[in-house]
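Respectively, the protein sequence lines represent chains A and B. All residue numbers for the first sequence refer to my numbering, where the first residue is 1 and numbers rise by one. All residue numbers for the second sequence refer to my numbering, where the first residue is 357 and numbers rise by one. Read the structure below first, then the notes.
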Amino acid sequence: MTTRRGFLASLMAVGTAPRLGWAAVGNPDFLAAAKDPDGRFALYGLSATGATTFRVALPARGHAGAAHPTRAEAVAFARRPGDFALVIDCATGDVLHRLTPPAGHHLNGHGVFAEGGALLLTSEQVAETSDGRIGIWDVSAGYARIGAFATGGLGPHEIRLMPDGETLVVANGGIATDPTDRSKQNVDTMRPSLAYLSLDGDRKDEVDLPAELHRNSIRHLAVRADGLVGFAMQWQGASGAATPLLGLHRMGETPGLAPAPLADELAMQGYAGSVAFGGDGSELAITSPRGGRLHRFAPDGAFIGAVTRADICGLAPLDTGYLASDGLGGLIALGPDGTRALARQDVAWDNHIVTL
Amino acid sequence: MRLFAILALALGLAPPAGAGVDAALDDHILPGFAVFASRSADLADTAAEDCRPQALRPAYHAAFDAWMPVADLRLGPSETGALSVGFWPDPRGFTPRKLTQFIASQDPIARDPQGYSDVSVAARGFFALERLIFDPGFSDYARGSYTCALVTTIAADLANQAAALDAGWREDFAETLRTAGTPDNATFLSGQEALRALYTQVASSLEFTAQERLGAPMGTFERPRPARAEAWRSGRSLRNARLAAEAAHGLATALADWPTPQSDAALDALQAAAARIEDPAFQDVDTPQGRLRAEVLQQAVTGLRAAIATEIGARYGIAPGFNSQDGD
């Protein structure tokens, strides 16, 4: 089937200088950033068995990354408030491009490729107002900045492409931050939202949380192949509130919340750092590095159970279950038969795992 | 062993983790749960004989004293299990609301000690019992009354919880810690991780004591919050803070098999600051003198934490979590 994306991708492959594909760097299944024992930062390619397929140095600690669908190129986003992102050649470690947002914009740590790798979309905010923006970069023109559109909320964080390839789902965290010191300005009035936008910026759907949860910042996203979206939240109100940290939504419908039993919810410390569907889509999970635990839920929001692992954060689908990473260097496989350590390296894995 | 520790220090190596983990389990954690289980069983027996506050209070204090050495652990069976033993802080008042609800509706759960494990954690454990036997709004009940049955059931449920925690640690989780680094252990991928997990309990316990046990009633200078003190109804606020600090020191020094003079001196200083507190329920934090004494105690808790970090944490090469410290 020739899709628009596939067509564009093939055009691009013909029209640009040859670049190495992912096979040249050992066909990694995942990318993850880490801090090495010497204190320096690096980007790793990982196989489904937890083995390292490549390692390239990064000049600074990143937040998340985006992997080009075909070329062995990754975009590493700086931590917030980010004033740059780097396009890394995963074969050589060379910085191919340094992406700088327009003056007055900050990168917010996440981005995705779209149109088969022809476009890079980045989560940004206007520094002065925290108004959310999606930055658009033309990959074939050497990642030239070609435009931006509004996200319809403040302080967007993770963005994901929906399965139709034409819709972007945006976690508008709702928090206005000071442009210099990142201090939170509007916790009492914040209003996070989940926004669905066309790649031209047209609003397709937008959902809010119930009023009593307006301090629950929507920050991270997972999308199932059928369009079900899991959104993970971070509570900005008083501690001990034990609010749900996971929500589920389908475009055009009302969102549902996925609470855990009180003792478990409290142990998460109001913080979810990553969300992912299991490999077969039959469940999803969130991680809390602060609580050192992972919570599993059914797609209807029912709590399945918890897994304990110190400083756990990165999470991605693996086989029928998940791959989780942590700050102690562990790569843990979670499946129907339980939890298994795949590997432990002498590194601290960073917040997120990117699936290729 | 001492020589090795000094040598390791000289070479910049972290001391071996296994001995520290064993000592923490064998000298501190497992005996602690055994005593807690025994005192809780005594409390349940006492309640079954006579449910009235006067009869119950000594056994209540003995059981709470036995709980404190292990109360702040949030690992293994205690990760979620500790909360239903000691549900505090409770700023939204879940505990009195739930108990009032049970009493108003004469909920039959009060006569079902086994089924009681399914009720909200806020209605279980020491703080639910404290309300019923120390708060004048509840404690005026007679033998044979609904509240009497509720008290007996909560005490029995507490004893069940204590037995389950004791068994969970002894029969299962101790092994998970001791077998750190073996192929089947996906919780602790090395001995160092097990040690780090235990050390983290010490640090967060002392932080909790400084920030919550002392910080909550202190509130701000303009707005002290004495009613937010832990267990003030039973007059245990100071006692709990002291016992928690002693427990943190005990666990930390069990992890170290070398002398810890700074940590020992810091605990002595803390005991001296505690001895100067006049109201054991911290209800005087709304006076300048009372607040000052609480502040001095709070600083002593922070001082103990710093001494332990220098003398034990740093030597084991334990740094704060990479992701847990990094909000996004």
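Built from N, CA and C at the ideal position, the CB exists for glycine as well.
- Secondary structure of residue 156 of chain A (DSSP, three-state): strand.
- Residue-level contact by beta carbon fails for residue 669 of chain B and chain A, as no gap is shorter than 8 Å.
- For residue 233 of chain A, the secondary structure class from DSSP, reduced to helix, strand or coil, is strand.
- Bounds of the beta strand (DSSP E) holding residue 207 of chain A are 203-208.
- In this structure, DSSP gives residue 385 of chain B a helical state, which the three-state scheme calls helix.
- Contact of residue 445 of chain B with chain A by beta-carbon distance below 8 Å involves 240.
- Within the stretch 60-74 of chain A, 63 place their CB atoms closer than 7 Å to a CB of chain B, listed in sequence order.
- Residue pairing by DSSP places residue 296 of chain A opposite A/285, A/305 in a beta bridge.
- In the three-state reduction of the DSSP assignment, residue 264 of chain A falls in the helix class, which pools H, G and I.
- Contact between residue 296 of chain A and residue 310 of chain A is ruled out by a C-beta separation of about 18 Å, above the 8 Å threshold.
- Closer than 8 Å at the C-beta level to chain A, one finds these residues of the stretch 451-481 of chain B: 476, 477, 478.
- In this structure the stretch 382-390 of chain B does not touch the stretch 478-497 of chain B; the number of beta carbon pairs closer than 8 Å is below three.
- Taking 8 Å as the CB threshold, residue 576 of chain B stays off the interface with chain A.
- Nearest C-alpha to residue 121 of chain A among A/127, A/112, A/181, A/353: A/112.
- The stretch 585-594 of chain B and the stretch 372-388 of chain B do not touch, with fewer than 3 CB-CB distances between them shorter than 8 Å.
- With a threshold of 8 Å between beta carbons, residue 565 of chain B makes no contact with chain A.
- Sorting A/191, A/86, A/57, A/116 by C-alpha distance to the C-alpha of residue 214 of chain A places A/191 at the top.
- According to the DSSP assignment, residue 454 of chain B belongs to the alpha helix (DSSP H) that extends over 450-461.
- Judged by DSSP secondary structure, residue 313 of chain A falls within the beta strand (DSSP E) whose first and last residues are 312-318.
- Proximity of residue 80 of chain A to chain B, defined by a Cβ-Cβ separation below 8 Å, is satisfied.
- Taking each of B/588, B/605, B/641, B/601 in turn and checking the Cα distance to residue 417 of chain B, the smallest one comes out for B/588.
- In this structure, the beta-carbon distance from residue 49 of chain A to residue 27 of chain A does not fall below 8 Å.
- DSSP lists no beta-bridge partner residue for residue 27 of chain A.
- One alpha carbon belongs to residue 150 of chain A, the other to residue 267 of chain A, and they sit about 36 Å apart.
- In the three-state DSSP reduction, residue 392 of chain B falls in the helix class (H, G or I).
- For the stretch 599-627 of chain B, the set of positions with a beta-carbon nearer than 8 Å to some beta-carbon of chain A is empty.
- Using a C-beta cut-off of 8 Å, the stretch 630-638 of chain B makes no contact with the stretch 450-459 of chain B, since fewer than three inter-stretch Cβ pairs fall below that distance.
- Distances from the CA of residue 545 of chain B to each of A/343, A/34, A/20, A/347 were compared; the closest alpha carbon is that of A/343.
- Secondary structure at residue 175 of chain A: coil, using DSSP grouped into helix, strand and coil.
- For residue 52 of chain A, the enclosing beta strand (DSSP E) has its first and last residue at 52-58.
- Against chain B, the beta carbon of residue 262 of chain A has neighbours under 7 Å at 476, 477, listed in chain order.
- Using a Cβ distance threshold of 8 Å, residue 30 of chain A and residue 316 of chain A count as a contacting pair.
- Any Cβ of chain B closer than 8 Å to the Cβ of residue 311 of chain A would place that residue at the interface, and such an atom is present.
- Take the alpha-carbon of residue 272 of chain A and the one of residue 474 of chain B: they are about 26 Å apart.
- For residue 678 of chain B, the nearest CB of chain A lies under 8 Å from its own CB, placing it at the interface with that chain.
- Between residue 533 of chain B and residue 429 of chain B, the C-beta spacing is not below 8 Å.
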